[in-house]
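To start, the structure itself, in structure tokens.
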């Protein structure tokens, strides 16, 4: 598979590290890039063959590779992931997906379940909008406010959003995230934000048969604490899936 004339491995800056017998795939979240894993990568590489890459929306990826129509669906990102695994001849892997990458991993595991031994879902959500029977964390006006802020003053939105998402008084972490988020083109940020915040993957959860571990941080401004338990009760892996 190619992206705008480039092989996926090249276009998405795919790297492999380590020499373990088992393969671990790391996929970053919204506003990030593969540097998100830098602090834990050395220890992981002592036990696994680690594969990491930049999502197509990342500021590390040539923006000319981002096709707005193609990447309007999370399924396109799952296709990228499966292409990477195919080109690297991965037969089985552990997959760690943060934020939007968690749902991307779920989609990929439905399409090719034999490739995934376990999914580790960090701060995952199948839907961000509230409805009568579901707490996703956002009302429609909240989402529209985010879209409007991205369009009106991107730099100001990045600074504010980064501070909120990091959620701790650590200027270094806020700066790291605001840098990777700010490296994205505003129009790409807006496009992927719409894809994420307007998605609804709740009906898909029962199709995920791969065992999952759902890990959720406290005081997450994006994903309420009820969401991981909602997912745990609906993932098709049943008692093989855990939420912490």
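In the UniProt record's numbering, the protein residues as written are 1 to 244. Note that beta-carbon positions come from the ideal geometry of N, C-alpha and C, so glycine has one too.
Under the three-state reduction of DSSP, residue 143 is assigned to helix. Assignment of residue 150 by DSSP, reduced to helix, strand and coil, places it in the helix class. DSSP, reduced to helix, strand and coil, places residue 93 within a strand of the structure shown. Membership of residue 196 in any beta strand (DSSP E) is not indicated; the residue belongs instead to the alpha helix (DSSP H) covering 186-197. By the CB criterion at 9 Å, residue 206 and residue 236 fall inside the cutoff. Residue environment analysis places residue 230 among the buried positions, since at least 16 neighbouring C-beta atoms fall within 10 angstroms of its C-beta.
With 16 or more other CB atoms across the displayed protein chains lying within 10 angstroms of its CB, residue 105 is buried. At a Cβ-Cβ threshold of 9 Å, residue 102 and residue 122 count as neighbours. Annotation: the continuous beta strand (DSSP E) that includes residue 122 extends over 116-122. For residue 26 and residue 219, the gap between their C-alpha atoms comes out near 24 Å. The segment 4-23 and the segment 86-93 touch, with three or more beta-carbon pairs separated by less than 8 Å. Contact check between the segment 29-36 and the segment 183-196: three or more CB pairs, one atom from each, fall below 8 Å, which counts as touching. In this structure, residue 211 sits near residue 119, with a CB-CB distance shorter than 9 Å. Between residue 208 and residue 99, the C-beta gap is not smaller than 9 Å, which leaves the two residues out of contact. Taking C-beta separations shorter than 6 Å and ignoring five residues to either side along the sequence, the partners of residue 23 in its chain run 49, 90, 93, following chain order.
Taking every protein chain shown into account, the CB of residue 233 has fewer than 16 other CB atoms within 10 angstroms, so this residue is exposed.
An exposed status is given to residue 68, since fewer than 16 other beta-carbon atoms sit within 10 Å of its beta-carbon.
Contact annotation: the segment 77-84 touches the segment 42-59, with at least three C-beta pairs closer than 8 Å.
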